[in-house]
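Colleague:
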Amino acid sequence: MGVLEGKTAVVTGSSRGIGAATAKILAGEGAAVVINYRQKAPRANKVVSEIEAAGGRAVAVGGDLTNADDVEALAQAAVEAFGSLDLLVLNASGGMESGLGEDYALRLNRDAQVAMLKAAAERMKPGSRVVFVTSHQAHFIDTVPTMDAYEPVARSKNAGEKALRELIPWLEEKGITFVVVSGDMIEGTITATLLDRAAPGAIEARREAAGKLYSVEEFAAEVAKMATADVETGHTEYVGGAGHFQG
Numbered sequence: 440m441g442v443l444e445g446k447t448a449v450v451t452g453s454s455r456g457i458g459a460a461t462a463k464i465l466a467g468e469g470a471a472v473v474i475n476y477r478q479k480a481p482r483a484n485k486v487v488s489e490i491e492a493a494g495g496r497a498v499a500v501g502g503d504l505t506n507a508d509d510v511e512a513l514a515q516a517a518v519e520a521f522g523s524l525d526l527l528v529l530n531a532s533g534g535m536e537s538g539l540g541e542d543y544a545l546r547l548n549r550d551a552q553v554a555m556l557k558a559a560a561e562r563m564k565p566g567s568r569v570v571f572v573t574s575h576q577a578h579f580i581d582t583v584p585t586m587d588a589y590e591p592v593a594r595s596k597n598a599g600e601k602a603l604r605e606l607i608p609w610l611e612e613k614g615i616t617f618v619v620v621s622g623d624m625i626e627g628t629i630t631a632t633l634l635d636r637a638a639p640g641a642i643e644a645r646r647e648a649a650g651k652l653y654s655v656e657e658f659a660a661e662v663a664k665m666a667t668a669d670v671e672t673g674h675t676e677y678v679g680g681a682g683h684f685q686g
């Protein structure tokens, strides 16, 4: 019996990268997992197939988190497919993509996170948990400057974390805990790729400063651990390289 046997998890932005890797780990621990994607259904279905092939349970649900109807549908899909919603991993983020509007980073990294948490919390029972995934560059943006190309994303994710933390008392009334996982730049993610394209050498410089950057799989394992970690609500788990930011 896995530690998440009988539980259902929604992992936003889980058709690839950290989200997909986290979903697979959670499924391996017994959770039924809702794989969320914005556009790439085949990629999400592949993640589902891999989870099922390993003996787990999963379903792919499309949805744009900046769309209120899609957010409600995603939360409800967990209940309809597996009977409950016990864990929400707020992994989806963005803002470096082109053609989605100047305010897209804030709409996705703050407004959509709050909407998704609220939709999920209304369906969660006491004992459930919400895990918000962020970066050191965002978490510490008020005290440590980041790369110019990443700053709009960092500021919007920081705004998102603050907005989510304001909901902790409301979540506590429902018996739901809230945990943040903050990581350094992650090797092989779309953000790292876009950042290196916008500022060539940025990832190599960060790698040298940190000594090591986590891989997608390594960071996903840390995110998955926080699904059941015995920590207080509001806890921030720092994964790799945080000393530079904490001074």
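Each residue of the sequence shown is one higher than the one before, counting from 440 in the numbering used here. Each residue gets a CB set at the ideal place from its N, CA and C atoms; glycine is no exception.
(1) Hey, could you find the ends of the beta strand (DSSP E) residue 568 is sitting in?
(2) Spatial neighbours of residue 499 within its chain, please: C-beta separation below 6 Å, excluding the five flanking residues on both sides.
(3) How about residue 658 and residue 457: do their beta carbons lie closer than 8 Å?
(4) I'd like to confirm the pairing. Which residues does DSSP put opposite residue 668 in its beta bridges?
(5) With residue 556 and residue 527 assumed to form a contact (beta carbons below 8 Å), what rounded beta-carbon distance in angstroms separates them?
(6) Nearest-angstrom Cα distance between residue 666 and residue 466?
(7) Between 598, 568, 685, which has its C-alpha nearest residue 672's C-alpha?
(8) Beta-carbon within less than 6 Å of residue 677's beta-carbon, same chain only, minus the 5 sequence neighbours each way: which residues are those?
(9) Which stretch, first to last residue, makes up the alpha helix (DSSP H) that contains residue 617?
(10) On the DSSP bridge list, what partners appear for residue 498?
Modeller: This is what the structure holds:
(1) Boundaries of the beta strand (DSSP E) harbouring residue 568: 568–574, taken from the DSSP string.
(2) The residues 474, 483, 484, 487, in chain order, have a CB closer than 6 Å to that of residue 499 in the same chain once the five nearest residues on each side in sequence are set aside.
(3) A distance below 8 Å separates the beta carbons of residue 658 and residue 457.
(4) Bridge pairing for residue 668: absent [DSSP].
(5) Contact holds; Cβ gap of about 7 Å.
(6) Taking the straight line from one Cα to the other gives about 12 Å.
(7) Ranking 598, 568, 685 by Cα distance to residue 672 puts 568 first.
(8) Hits under 6 Å: 621.
(9) Element bounds for residue 617: not the alpha helix (DSSP H) but the beta strand (DSSP E), 616–622.
(10) Per DSSP, 473.
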